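Data first, discussion second: the structure below is written as structure tokens.
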Amino acid sequence: MAVSWISISFLLTVCCYSSSAIISPVDASRITPRVRVESGELSGGVDYTLTTNRPFYSFLGIPYASPPVHKNRFKEAQPVKQWVGVWNATIPGSDCIGLEQGSFKVVGQEDCLYLNVYTPKLPQEGLLDGGLMNVIVYLHGEAFQYGSGIGHTPHYLLEGGDDVVFVTINYRLGPLGFASTGDDILPGNNGLKDQVAALKWVQRNIAAFGGNPGAVMLAGTSAGGVSVHYHLVSPMSLGLFNRAIASSGSAYCPWGYTENVVQKTKQLAEYLGCPTYYSKDTVKCLRSRPAFIVSETLKNFLVIV
């Protein structure tokens, strides 16, 4: 995989290119943008950059996997089902449930595998690959404990007139994203596997938003930067992006992984009154416990390496 390491200032100015083969959002305030992806049709909205008031389209709360609840808790992200009608993509999806630093309050919901797509232009039908825009997929930080993609938007990124499709995602956090029994019952790292599922969704669907699946930059800060570093060396991520920025975090950060995760998962199970001898029984019991109780129990479930 060819990887480019570039500065944020460079990213904001020259990483994208313009194309005359894409519809300009004229009279954008009167348009309800619609895009069809593999699971159905989306109805989005229009937003504007902060100083130049440049319009761009936003599609929020797009499901990229089935809700990781009930029997899907602790499983790898499952395919999203087709929906009937038009999906309202003007409402953000829920943050993934996690333990907020400082307050140590549980925030978010377990049903959280959503992403957001922002694009300055929408493609004409039959647009050639040469006219598609570069794509940035951004991974949020907050120590793998809380946070979401919705707080990161392109209101500054698109100011200069460069054309880029910007994607942010939610992924599972804390014990729900990184617990492991050390075997095939619960291998672990589902939070990172969620990111892989989102990157695969981008490969399959981003052209519908004018994005080039062959020109994807993966970027992240803090825990997002750690994640980017893991994806650079993971065979699961091969071919899903071809540029990367890891800011304020790398796989070498001591806070970016969990030691003795199997033992910590057993401690979690014991605290919640679950058996620990057989992994199957442990996971079955943990699935029966309320998500907010699972999330608030331990404060240091990070990535398993």
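If you count by mature numbering (1 follows the signal peptide of the UniProt record, and there is no 0), then the sequence shown holds residues -21 to -1, 1 to 284, one letter each, in order. Using N, Cα and C, we set each Cβ at its ideal position, and we do this for glycine too. Please read all numbers here as calculations on a predicted model, not as lab measurements.
Proximity to residue i [Cα-Cα], best of the options
i	options	result
THR244	VAL96, LEU155, VAL116	LEU155
GLY24	TYR97, ASP74, LEU78	TYR97
GLN124	GLN242, ILE76, GLN61, ASN239	ILE76
TYR256	LYS60, VAL143, THR160	THR160
ASN149	GLU138, ALA194, HIS131	HIS131
GLU138	LEU78, LEU29, ILE10, GLY190	LEU29
GLY81	GLU89, GLU121, ALA56, SER22	GLU121
PRO192	ALA198, ARG183, GLY199, THR200	ARG183
ALA194	GLU89, ASP26, MET112	MET112
HIS119	LEU197, ARG15, PHE188, GLN61	LEU197
Rounded C-alpha distance that separates residue i from residue j
i	j	result
SER3	TYR93	With a pLDDT of 45 at SER3, under the threshold of 50, the modelled position of this residue cannot be trusted; read the value that follows with caution. Their Cα atoms are separated by approximately 27 Å.
GLY72	ALA270	17 Å
SER45	TRP66	15 Å
ARG13	ASN51	30 Å
SER18	GLY204	30 Å
GLY87	VAL146	20 Å
ARG268	SER274	10 Å
GLU20	LEU101	14 Å
Outcome for residue i when other beta-carbon atoms lying within 10 angstroms are tallied against a minimum of 16
i	result
LYS84	exposed
LEU217	exposed
ARG222	buried
ARG151	buried
HIS49	exposed
residue 346	Absent from the model: residue 346. The displayed extent of the chain is -21 to 284, so no value can be given.
TYR117	buried
GLU249	exposed
Alpha helix (DSSP H) segment containing residue i, residue limits
i	result
ILE129	Element bounds for ILE129: n/a, residue is neither H nor E.
SER258	258 to 266
LEU213	The sequence given here has Ser at residue 213, not Leu. Per DSSP, SER213 belongs to no alpha helix (DSSP H) and is neither H nor E.
SER22	No alpha helix (DSSP H) holds SER22; the beta strand (DSSP E) holding it covers 19 to 22.
VAL48	Run containing VAL48: none; DSSP gives neither H nor E here.
Bounding residues of the beta strand (DSSP E) (the contiguous stretch that carries residue i)
i	result
PRO42	34 to 42
Check whether the segment 207 to 215 and the segment 30 to 38 touch, using three or more Cβ-Cβ pairs below 8 Å as the test. The segment 207 to 215, when compared against the segment 30 to 38, does not touch it at the 8 Å Cβ threshold.
Validate contact between the segment 155 to 167 and the segment 254 to 263 using beta carbons, cut 8 Å, 3 pairs: The answer is yes - the segment 254 to 263 touches the segment 155 to 167, with three or more Cβ pairs under 8 Å.
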